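Undergrad: Quick one: the structure is below, questions incoming.
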Amino acid sequence: MHKPPDAHHHSPGFLAIVRDAKSRVREFTIEDYVRRMEAGETWVLIDVREDHEWEVGRIPGAIHMGRGILERDVEERFPDKDAPLVLQCGGGYRSALAADNLQKMGYRNVISLDGGFRGWVAAGLPVEHD
Numbered sequence: 466m467h468k469p470p471d472a473h474h475h476s477p478g479f480l481a482i483v484r485d486a487k488s489r490v491r492e493f494t495i496e497d498y499v500r501r502m503e504a505g506e507t508w509v510l511i512d513v514r515e516d517h518e519w520e521v522g523r524i525p526g527a528i529h530m531g532r533g534i535l536e537r538d539v540e541e542r543f544p545d546k547d548a549p550l551v552l553q554c555g556g557g558y559r560s561a562l563a564a565d566n567l568q569k570m571g572y573r574n575v576i577s578l579d580g581g582f583r584g585w586v587a588a589g590l591p592v593e594h595d
C-alpha cells in the first residue's frame, strides 16, 4: 500500500505556515485540474520542486521554476499578473507557500495543486522522464 500524498513527516512550524498559506490560496485537486484541462481550459503548470525531484519525473506539460528562483524570475517569465498559473510540488505544501507569495506579488489567478506530483502518480496519470 502506498503512502498518501501528505504522509510525509513535517515539522509543526512548517505545517503551521502551510496552514496559514492555504487559508489564503485557491487549490485544485488532481481531479479538478485534469477535468479543467480536458474541458479545454488553459493553465500554465509550474513545478516548484527542487532540480533533483524534477529530474526523476514530472507532470506532462509542466515547466520547472524551483522555489529557489520562482519569486525572483516569475515576473520576467509571466509579466501578466492575471496569468492562469497552477503551482505544483511534491504534495501540495510548498506549492501553497509559493502561491501565497505570488499573490503577495500581485498575481491574481494562481492556484496550488493539492496532492502535487505524488497525488498525480498515485492517480495513475502519465509522467514524463528525461
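Going by the working numbering, the sequence shown opens with residue 466, and the numbers climb by one from there.
We put the beta carbon where it would ideally sit given N, CA and C, even for glycine.
In this text, all values refer to a predicted model and were calculated from it rather than measured experimentally.
(1) Leaving aside the five residues before and after R542 along the sequence, list all residues of the same chain whose C-beta is less than 8 Å from its C-beta, in chain order.
(2) When you compare the CB positions of E492 and D547, do they come within less than 7 Å of one another, or not?
(3) Tell me whether the beta-carbon of A486 lies closer than 7 Å to the beta-carbon of L550.
(4) Could you tell me which of H517, R489 and F479 sits nearest to K569, measuring between CA atoms?
(5) From what residue to what residue does the alpha helix (DSSP H) around F601 run?
(6) Kindly indicate which residue of S560, G571 and H594 has the alpha-carbon position closest to the one of P510.
(7) Quick check: I495 and A564, are their CB atoms within less than 7 Å of each other?
(8) Quick one: residues in its chain with C-beta nearer than 7 Å to the C-beta of E518, no 5 flanking neighbours on either side, listed in chain order?
(9) Only counting runs of 4 or more residues, tell me where the alpha helix (DSSP H) segments fall wholly within the stretch 485-537, in order along the chain.
(10) Out of I576, T507, R573 and R537, which has the shortest C-alpha to C-alpha gap to G526?
TA: Put simply:
(1) Contacts found: M530.
(2) If you check the CB distance, E492 and D547 do not come in under 7 Å.
(3) Cβ atoms of A486 and L550: not closer than 7 Å.
(4) K569 has its Cα closest to that of R489, out of H517, R489 and F479.
(5) Limits of the chain in this structure are 466 at one end and 595 at the other, which puts residue 601 out of reach.
(6) Looking at the sequence provided, one finds Leu at residue 510 rather than Pro. The candidate whose alpha carbon is nearest that of L510 is S560.
(7) The beta carbons of I495 and A564 sit no closer together than 7 Å.
(8) Same-chain partners within the cutoff: G555.
(9) Counting only runs of 4+ residues, the alpha helix (DSSP H) found wholly inside the stretch 485-537 occupies 495-503 and 516-521, in chain order.
(10) Ranking I576, T507, R573 and R537 by Cα distance to G526 puts T507 first.
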